[in-house]
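Enquirer: I'd like to ask some things about the structure below.
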């Protein structure tokens, strides 16, 4: 128990905020598995809901401040890359959130403490707790520091492969999923070269080449992502 309390104290130092409402902090750090027994335990699922909204607001605010001319079609995929579960899990690991979490023994045994889902959700809950306990400025201060590496990382290194990122971008814009089609195949059977075109409603198609259809699809998706990140119309 003392080790966990030490981890909670160290976490507060890293995020730059000492909570006045200690119960609120405990709730943010408590996984739903703790409530599986007979006792009624307040866990962090409701805080996740609020934290997701606070996170989206702060990320959108900073993106607009960093690029005054970017269009919505460029900003939406950038926002999605900053606030998704993988990004939140990376932030959670950077701030040392795992040792401060409160989980059931069974959840701990199966490795839930290092799960992207558990860490990402807890990070959102912590954001909500900061907002409630310290106001928007406290949440903003934490966000600007903790998410700096996410802003600095190029789009090509943010975790998912290009096809997944392009799909997330399309979903963020409310568009149908990207469509891929082989438009050319050259070379011998033992060393083929595929050319694939990707189309997305409202955008010019992009092409990519690869030694397999899957590789060519990823190249086409990356080409579209890079053009959008560059602000091309």
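Numbering (my numbering), first residue to last: 41 to 273. Cβ coordinates follow ideal geometry from the N, Cα and C atoms, glycine included. Since the model is a prediction, treat every value here as computed from it, not as a measurement.
Spatial neighbours of residue 217 within its chain, please: C-beta separation below 7 Å, excluding the five flanking residues on both sides.
Expert: Reading the chain shown from its first residue, position 177 is the one you call residue 217. For residue 217, where only same-chain residues beyond five positions count, the Cβ hits under 7 Å are 207 and 210.
Enquirer: According to DSSP, is residue 69 part of a helix, a strand, or is it coil?
Expert: For this step, residue 69 is matched to residue 29 along the chain shown. Residue 69: coil per DSSP, three-state reduction.
Enquirer: What's the gap between the Cα of residue 42 and the Cα of residue 145?
Expert: By one-based count along the chain shown, residue 42 stands at place 2. By one-based count along the chain shown, residue 145 stands at place 105. Going by the C-alpha atoms only, they are around 16 Å apart.
Enquirer: I'd like the span of the alpha helix (DSSP H) that includes residue 245, first residue to last.
Expert: Here residue 245 corresponds to residue number 205 of the chain shown, with the count starting at 1. Taken as a continuous stretch (DSSP letters only), residue 245 belongs to no alpha helix (DSSP H), being part of the beta strand (DSSP E) at 243-250.
Enquirer: For residue 55, count neighbouring C-beta atoms within 10 Å of its own C-beta (all shown protein chains included) and say buried if the count is 16 or more, exposed if not.
Expert: For the purposes of this step, residue 55 is taken as residue 15 along the chain shown, with counting starting at 1. Looking at its Cβ environment, which holds 16 or more other Cβ atoms inside 10 Å, residue 55 is buried.
Enquirer: Among 93, 227 and 159, which has the Cα closest to the Cα of residue 132?
Expert: Along the chain shown, one-based indexing puts residue 132 at 92. The residue with the shortest Cα to Cα distance from residue 132 is 159.
Enquirer: Straight-line CA distance for residue 171 to residue 202?
Expert: In the chain shown, residue 171 corresponds to position 131, counting from 1. In the chain shown, residue 202 corresponds to position 162, counting from 1. If I take the Cα positions, the gap works out to 33 Å.
Enquirer: Report buried or exposed for residue 157, applying the criterion of at least 16 other Cβ atoms within 10 angstroms of its Cβ.
Expert: For the purposes of this step, residue 157 is taken as residue 117 along the chain shown, with counting starting at 1. Residue 157 is exposed by the Cβ-count criterion.
Enquirer: Taking 9 Å as the cut-off, decide whether the C-beta atoms of residue 71 and residue 127 are in contact.
Expert: The residue given as residue 71 occupies position 31 in the chain shown. The residue given as residue 127 occupies position 87 in the chain shown. In this structure, residue 127 does not lie closer than 9 Å to residue 71 by Cβ.
Enquirer: Out of curiosity, what's the CA-to-CA distance linking residue 122 and residue 150?
Expert: What you label residue 122 is simply residue 82 of the chain shown in a count that begins at 1. What you label residue 150 is simply residue 110 of the chain shown in a count that begins at 1. Straight-line Cα distance between these residues: approximately 28 Å.
Enquirer: Using CA atoms only, rank isn't needed, just tell me which of 234, 220, 233 and 253 is closest to residue 246.
Expert: To locate residue 246, count along the chain shown from 1; it is residue 206. Cα-wise, what sits closest to residue 246 is 220.
Enquirer: Quick check: the Cα distance between residue 139 and residue 44, rounded to an integer number of angstroms?
Expert: By one-based count along the chain shown, residue 139 stands at place 99. By one-based count along the chain shown, residue 44 stands at place 4. In a straight line, the C-alpha of residue 139 is about 6 Å away from that of residue 44.
Enquirer: Leaving out the 5 sequence neighbours to the left and right, which residues in its chain are closer than 8 Å to residue 78 when beta-carbon positions are compared?
Expert: Stepping through the chain shown from its first residue, residue 78 is reached at position 38. At residue 78, the pLDDT of 44 sits below 50, so the modelled position is not reliable; the number obtained from the coordinates is stated separately. So the list is empty, once near-sequence residues are dropped.
Enquirer: Just checking my contact of residue 87 with residue 68 at CB under 8 Å: how many whole Å lie between their CB atoms?
Expert: Numbered from its first residue, the chain shown carries residue 87 at position 47. Numbered from its first residue, the chain shown carries residue 68 at position 28. The Cβ separation is near 5 Å, so the contact holds.
Enquirer: Determine the DSSP secondary structure at residue 80, reduced to helix, strand or coil.
Expert: Position 40 of the chain shown, counted from the first residue, corresponds to residue 80. Coil.
Enquirer: Given that a residue counts as buried once 16 or more other Cβ atoms are within 10 Å of its Cβ, and exposed if not, what is residue 116?
Expert: Taking the first residue of the chain shown as position 1, residue 116 is located at position 76. Buried is the call here.
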